[in-house]
Amino acid sequence: MITQILIQQTLIMFLLMLLGLLLSRLGAITEQGSKDMANILLYAVIPCVIVRSYMTEYSTQKLHALGISAVLAVAAFVVTIAVAWIAFGMRHRIENFSAAFGNAGFIGIPLVTSVFGAEAAFYVVAFSSMLNLLQWTYGIVIISGKPETINVKKVFLNPVFLSMVVGLILFFTGFTLPTILDRTVGLIADANTPFAMLVLGLYLSQIKPRDLFCGAKLYLVAALRLFVIPLLTALAFLPLPFARGEVALITLVAAATPVATSTGIFAQKFGQDYRGAVAQVCFSTLVSIVSIPIVISLAERMLA
């Protein structure tokens, strides 16, 4: 059942991405427009998704599950960073970053909420927050080669981290937002999937077909990010007695997402191969339509 829903959702996301591609080709969405949409996602939509996920009644059971999701996220990133480093080290910086960091925010959260329900985003936040923290510390060192480029302020004063703090306050205090504000947050959060996929569609329109399907490193990154890393993560979960059921599968969905869209942003910022980074984002996103249902189906059997 989970696999079937995943297939349906990935196909819907693929169609939305094609719409973004078409609109870009027609000139209805410009490159500047896509940047503006990405900013709306980062500063408004994803924070609302996170806050809404925490707007649930407090219980020790949910707190326990949240703790488990955080532990599983740590285990997942140990596997991810190790595999990316062994494969690429500092020789191929963009490929290392691409393999290490998935698109848990733009793709993982929509997938998880569509399969497990809106409250399931509650358990992706630990993964997304850790992803964000690692991107702005370890990830910057990988791409720039300069540890001094780490910006501590951006690590803790970014929209994802701040919205998580707000969400935790709501969760622990039991405070509920006024109805109008609650509905507003919900409507903004619902824009996550279409906005994210339209942006990816525009990225896709910028890549020539030969650049999208040529290059051994392109295929290696996709294979590691979409198949090797999530399956090794599932194996790493096996010895953990609490790594079973819905929370473990939710973490694996986040771990199985394609290359993060932020890869292109970081590559451009630190003078690396921007076009190559975008090609990895787009190619892995296309392959993920097939890979995510397959990997989660196998993981579901492993962690049954």
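So for the sequence shown, my numbering puts the first residue at 7; every next one is plus one. Here a beta-carbon is modelled for each residue, glycine too, at the ideal position from N, C-alpha and C.
* Asked: Do the stretch 265-274 and the stretch 237-250 meet, that is, are 3 or more Cβ pairs less than 8 Å apart?
  -> No, they do not touch.
* In whole angstroms, what is the alpha-carbon distance linking P116 and A222? -> By one-based count along the sequence shown, residue 116 stands at place 110. By one-based count along the sequence shown, residue 222 stands at place 216. Between P116 and A222, the C-alpha separation is close to 30 Å.
* Asked: Quick one: what does DSSP say A57 is sitting in, helix, strand or coil?
  -> The count along the sequence shown starts at 1 and reaches residue 57 at position 51. The sequence given here places Val at residue 57; Ala does not occur at that position. Helix at V57.
* Distance, L258 Cα to S303 Cα -> Here residue 303 corresponds to residue number 297 of the sequence shown, with the count starting at 1. Here residue 258 corresponds to residue number 252 of the sequence shown, with the count starting at 1. Just so you know, the alpha carbons of S303 and L258 end up roughly 11 Å apart.
* According to DSSP, which residues form a beta bridge with V234? -> Taking the first residue of the sequence shown as position 1, residue 234 is located at position 228. Partner(s): none; V234 has no beta bridge.
* DSSP beta-bridge partners of A265 -> Here residue 265 is taken as the residue at index 259 of the sequence shown, counted from 1. With the sequence shown as reference, residue 265 is identified as Val, and Ala is not the correct amino acid for it. DSSP lists G108 as partners of V265.
* When the Cα atoms are used, what is the spatial distance from S135 to A34? -> Sequence index remark: in the sequence shown, residue 135 carries index 129 (1-based). Sequence index remark: in the sequence shown, residue 34 carries index 28 (1-based). Their Cα atoms are separated by approximately 33 Å.
* **Reduced DSSP category for D196 - H, G, I as helix; E, B as strand; rest coil** => Taking the sequence shown and counting its residues from 1, one reaches residue 196 at position 190. If DSSP states are grouped into helix, strand and coil, D196 belongs with coil.
* To do: With distances taken Cα to Cα, identify the nearest neighbour of V172 among Q10, I11, L204 and V55.
  => Position 166 of the sequence shown, counted from the first residue, corresponds to residue 172. Closest option to V172, Cα to Cα, is V55.
* Work out the CA separation of T86 and I92 for me, nearest whole Å. => What you label residue 92 is simply residue 86 of the sequence shown in a count that begins at 1. What you label residue 86 is simply residue 80 of the sequence shown in a count that begins at 1. Rounded to whole angstroms, the gap between the alpha carbons of I92 and T86 is 10 Å.
* **V118 versus I100: straight-line alpha-carbon distance, rounded** => Numbered from its first residue, the sequence shown carries residue 118 at position 112. Numbered from its first residue, the sequence shown carries residue 100 at position 94. Spanning the alpha carbons of V118 and I100 requires a straight line of approximately 27 Å.
* For G123, which option in A228, S40 and I11 has the closest C-alpha, if you only look at C-alpha atoms? -> The count along the sequence shown starts at 1 and reaches residue 123 at position 117. It is I11 whose Cα lies nearest to the Cα of G123.
* Since I believe M203 is in contact with I22 (beta carbons under 8 Å), could you give me their beta-carbon distance rounded to a whole number of angstroms? => Locating residue 22 in the sequence shown gives position 16, where the first residue counts as 1. Locating residue 203 in the sequence shown gives position 197, where the first residue counts as 1. Going by the sequence as given, residue 22 is Leu instead of Ile. That pair is a contact at about 4 Å.
* Return the CA-CA distance between Q278 and Q15, expressed in angstroms with no decimal places. => Residue mapping note: residue 278 aligns to position 272 of the sequence shown, counting from 1. Residue mapping note: residue 15 aligns to position 9 of the sequence shown, counting from 1. C-alpha of Q278 to C-alpha of Q15: approximately 33 Å in a straight line.
* State the Cα-Cα distance for the pair F103 and R281, rounded to the nearest angstrom. => Your numbering for residue 103 matches position 97 in the sequence shown. Your numbering for residue 281 matches position 275 in the sequence shown. The straight-line gap from Cα to Cα measures roughly 15 Å.
* What do you reckon, are the CB atoms on A106 and A90 nearer than 8 Å? -> Start at 1 with the first residue of the sequence shown, and residue 106 comes out as number 100. Start at 1 with the first residue of the sequence shown, and residue 90 comes out as number 84. Yes, the Cβ-Cβ distance between A106 and A90 is below 8 Å.
* Answer with buried or exposed for T190, where buried requires no fewer than 16 other C-beta atoms within 10 angstroms of its C-beta. => Taking the first residue of the sequence shown as 1, we reach residue 190 at position 184. Answer is exposed; the Cβ neighbour count stays below 16.
* Asked: Expressed to the nearest angstrom, what Euclidean distance is found between the alpha-carbon atoms of F199 and L224?
  -> Locating residue 199 in the sequence shown gives position 193, where the first residue counts as 1. Locating residue 224 in the sequence shown gives position 218, where the first residue counts as 1. Reading off the sequence, residue 199 comes out as Thr, not Phe. Approximately 25 Å, taken between the alpha carbons.
* To do: Note down the Cα distance separating Y64 from V130, rounded to an integer number of angstroms.
  => The sequence position of residue 64 within the sequence shown is 58, counting from 1. The sequence position of residue 130 within the sequence shown is 124, counting from 1. For Y64 and V130, the distance between alpha carbons rounds to 17 Å.
* Asked: Three-state secondary structure (DSSP) at P116?
  -> What you label residue 116 is simply residue 110 of the sequence shown in a count that begins at 1. Three-state DSSP puts P116 in a helix.
* What are the start and end residues of each continuous beta strand (DSSP E) run of 3 or more residues lying completely inside the stretch 150-230, in chain order? -> Qualifying beta strand (DSSP E) stretches: none in this window.
* Does the beta-carbon distance from I295 to L17 come in below 8 Å? -> Residue 295 sits at position 289 when you count from the first residue of the sequence shown. Residue 17 sits at position 11 when you count from the first residue of the sequence shown. The answer is yes: Cβ separation under 8 Å.
* Asked: Excluding five sequence neighbours on each side, which residues of the same chain lie with their C-beta closer than 6 Å to the C-beta of P264?
  -> By 1-based counting over the sequence shown, the position of residue 264 is 258. Hits under 6 Å: N109, S290, T291 and S294.
* To do: Just the C-alpha distance for S75 and A249, rounded to the nearest angstrom, thanks.
  => Position 69 of the sequence shown, counted from the first residue, corresponds to residue 75. Position 243 of the sequence shown, counted from the first residue, corresponds to residue 249. Cα to Cα, S75 sits roughly 9 Å from A249.
* To do: Go ahead and label N45 buried or exposed: buried means 16 or more other beta carbons lie within 10 angstroms of its beta carbon, across all protein chains shown.
  => Locating residue 45 in the sequence shown gives position 39, where the first residue counts as 1. N45 is classed as exposed because its beta carbon has fewer than 16 other beta carbons within 10 Å across all chains shown.
* Asked: For R307, which of C288, E252 and F181 has the nearest alpha-carbon?
  -> Position 301 of the sequence shown, counting from 1, holds the residue named residue 307. Here the closest residue by C-alpha is E252.
* Exposure of Y209, with buried meaning 16 or more beta-carbon neighbours within 10 Å -> Along the sequence shown, read from residue 1 onward, the residue named residue 209 stands at position 203. The Cβ neighbour count for Y209, taken over all protein chains shown within 10 Å, is at least 16; the residue is labelled buried.
* Please name the residue in A266, A285 and L309 whose C-alpha comes closest to that of Q141. => Locating residue 141 in the sequence shown gives position 135, where the first residue counts as 1. Considering only alpha carbons, the answer is A266.
* To do: Just the C-alpha distance for A88 and L72, rounded to the nearest angstrom, thanks.
  => Taking the first residue of the sequence shown as 1, we reach residue 88 at position 82. Taking the first residue of the sequence shown as 1, we reach residue 72 at position 66. Whole-angstrom Cα-Cα distance: 24 Å.
* Asked: Considering only residues of the stretch 42-88, which uninterrupted alpha helix (DSSP H) runs meet the minimum length of 4 residues and lie entirely inside it, listed in chain order?
  -> Entirely contained in the stretch 42-88, the alpha helix (DSSP H) runs reaching 4 residues are, in chain order, 52-60.
* Helix, strand or coil for R97, going by three-state DSSP, please let me know. => As a first step, residue 97 is located in the sequence shown; it is residue number 91 there, counting from the start. In the displayed model, R97 falls within coil according to three-state DSSP, outside both helix and strand.
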